[in-house]
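These notes are about the structure you will find just below.
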Amino acid sequence: MLIRVEIPVDAMGIDRLLRQSFETSAEAELIHQLREDGLLTLGIVATDDEGQVIGYAGFAPVDINGEDHQWVGLAPLSVAEQYRCHGLGEKLVYEGLDSLNEFGYGAVVVLGDPEYYYRFGFKLANEYQLYCQWPDCEDYFLIYPLTDILRGDCQGLVTYPVYFDHLWS
Numbered sequence: 000m001l002i003r004v005e006i007p008v009d010a011m012g013i014d015r016l017l018r019q020s021f022e023t024s025a026e027a028e029l030i031h032q033l034r035e036d037g038l039l040t041l042g043i044v045a046t047d048d049e050g051q052v053i054g055y056a057g058f059a060p061v062d063i064n065g066e067d068h069q070w071v072g073l074a075p076l077s078v079a080e081q082y083r084c085h086g087l088g089e090k091l092v093y094e095g096l097d098s099l100n101e102f103g104y105g106a107v108v109v110l111g112d113p114e115y116y117y118r119f120g121f122k123l124a125n126e127y128q129l130y131c132q133w134p135d136c137e138d139y140f141l142i143y144p145l146t147d148i149l150r151g152d153c154q155g156l157v158t159y160p161v162y163f164d165h166l167w168s
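Okay, structure coming up:
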């Protein structure tokens, strides 16, 4: 198994994985649209020995109060069913966090199960006075600071690219 930054040849395998992993094609369509519009900040893939994509973590830019602060949102995170419960999702998240840190990004936000993401160091975003554009998601809106976040400097409403609206609205 290999974990690395995605390359163009991975696109079909990522699409196939996302369509198999989720109930609808929304996540696959999201990644396709983000990639097409140049809004996919980072994609991390896990491949098996034959080069097939078996895991994926995508990262896209988010704004705070309408301004770019070099933050990203993690979505989606997916692992092929036969590879689940073996730490692959964890490896994808850590690889993404390490890469984003090296690239100088300030923070990663995610809408997800707090119990899953707490182990990586994510915290509830409202502790930083950050709020999700979808109010019903506040209990699942988390942040992982990659740099020191001055609480007064980056507070307020976090918004995702418009393509995310159909996933969480």
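In numbering that gives the first Met the number 0, the protein residues as written are 0 to 168.
The beta carbon of each residue, even a glycine, is placed where N, CA and C say it ideally should be.
Since this is a predicted model, take the numbers as computed values, not measurements.
CB contact flag (residue i, residue j, <9 Å)
| i | j | result |
| --- | --- | --- |
| E26 | L141 | no |
| C153 | H68 | yes |
| V171 | I13 | No answer is possible for residue 171: it lies beyond the span of the chain, which begins at 0 and ends at 168. |
| P60 | P160 | yes |
| S24 | E80 | no |
| G120 | L73 | no |
| G88 | G54 | yes |
| R3 | E94 | yes |
| Y139 | L96 | no |
| D86 | Q128 | Note on identity: in this sequence residue 86 is Gly, with Asp being the wrong assignment. Contact: no. |
| L16 | S98 | no |
Backbone secondary structure at residue i - three-state DSSP
| i | result |
| --- | --- |
| R3 | strand |
| L33 | helix |
| G54 | strand |
| D9 | helix |
| S77 | strand |
| E22 | coil |
| D48 | coil |
| G72 | strand |
| G95 | helix |
Own chain residues within Cβ distance below 6 Å of residue i, not counting five before or after
| i | result |
| --- | --- |
| T205 | No statement about residue 205 is possible, as the shown extent of the chain runs from 0 to 168 and does not include it. |
| T40 | F58, A59, P60, V71 |
| G42 | E5, G57 |
| R18 | S24, A27 |
Nearest-angstrom beta carbon gap, residue j and residue i [assumed within contact, 8 Å]
| i | j | result |
| --- | --- | --- |
| A45 | M0 | 6 Å |
| A124 | V108 | 6 Å |
| E33 | Y115 | Residue identity differs from the one stated: residue 33 is Leu in this sequence, not Glu. Contact flag wrong, Cβ pair sits at about 23 Å. |
| V92 | C131 | Rounded, the Cβ-Cβ distance is 19 Å, inconsistent with contact. |
Cβ-based neighbour list, residue i, same chain, cut-off 8 Å, excluding 5 preceding and 5 following
| i | result |
| --- | --- |
| R83 | none |
**Message:** Going residue by residue through the stretch 110 to 166, where are the continuous alpha helix (DSSP H) segments of at least 4 residues, counting only ones entirely within it?
**Reply:** 113 to 117
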